[in-house]
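Enquirer:
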């Protein structure tokens with residue numbers, strides 16, 4: 016079973032602005048629609064997109080240009096994250112997207128935590144790469160140097176090697192897998208129901224926001240054209 020959606024921006028391994036694609040209902044409901052990346056391909060939305068396509072593409076181009084400016088500041092960047100860890104290098108606490116965004120901010124570059132592509136969990140000290148998604152078409156890797164001290168961070172950066180025993184990481188991974196398997200099933204169902212309700216509300220709001228943004232861009236374009244026409248008329252009268 017699948018649903019059709021119209022993409023409002025480029026989506027990796029799926030398509031670009033204006034493409035109508037088929038996706039799984041859960042992917043549309045929980046990601047594409049609430050994130051404002053797509054609209055359901057209803058007759059009404061298809062007509063709306065065709066009418067506002069130029070304005071939507073213009074807004075996307077402007078956002079991409081701004082993202083490229085930030086990307087230049089992030090190129091080749093390494094940030095230190097000093098954390099407590101065991102002798103074997105296991106972290107006592109996790110690393111969040113907020114932690115990474117705040118570390119990057121110390122380099123005078125401001126990003127949102129939602130722009131950190133945190134598709135992995137950091138369980139030990141060492142050097143890691145994480146992608147910063149500034150725009151669907153502008154993604155920059157940043158190196159994280161997770162260490163127990165600034166001195167240790169300097170050594171890791173110099174040698175390019177993590178000061179941690181690989182075996183410790185494996186033990187921690189197994190422990191987390193066991194803890195996850197023991198989670199109460201009813202709690203998981205309740206959490207899923209709450210997430211679905213939240214996703215539905217976010218989807219409706221995202222669709223409203225996307226339409227409002229396109230209308231605003233279209234209005235701005237009309238006003239600019241009107242102003243230009245007025246100037247031309249004034250010039251002709253002179």
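Numbering (our numbering), first residue to last: 16 to 253.
Here a beta-carbon is modelled for each residue, glycine too, at the ideal position from N, C-alpha and C.
Could you pull out every residue in the same chain whose Cβ sits closer than 6 Å to the Cβ of residue 118, ignoring the five residues on either side in sequence?
Expert: Excluding positions up to five away in sequence, the list reads 94 and 96.
Enquirer: Between the C-alpha atoms of residue 192 and residue 135, what's the straight-line distance to the nearest angstrom?
Expert: Its pLDDT being 46, under 50, residue 192 is placed unreliably by the model, and the measurement read from it follows with that caveat. Computed Cα separation, rounded: 14 Å.
Enquirer: I need the straight-line Cα distance from residue 98 to residue 177, nearest angstrom please.
Expert: So the two alpha carbons sit approximately 14 Å from each other.
Enquirer: In this structure, does DSSP put residue 146 in helix, strand or coil?
Expert: Residue state, collapsed to three classes: strand.
Enquirer: Nearer than 6 Å: is that true of the beta carbon of residue 169 relative to any heavy atom of the ligand FAD?
Expert: The ligand FAD is not part of this structure, which contains no ligands at all.
Enquirer: Taking buried to mean at least 16 other C-beta atoms within 10 Å of its own C-beta, is residue 185 buried or exposed?
Expert: Reliability fails at residue 185, whose pLDDT of 43 lies under 50, so the model's placement of it is uncertain and the value that follows must be treated cautiously. Exposed.
Enquirer: Candidates 243, 230 and 218: which alpha carbon is nearest residue 42's?
Expert: Looking at the Cα atoms, 218 is the closest of the given residues.
Enquirer: So, for residue 214: in the same chain, excluding its five sequence neighbours on each side, which residues have a beta-carbon less than 7 Å away from its beta-carbon?
Expert: These residues qualify, in order along the chain: 44, 45 and 49.
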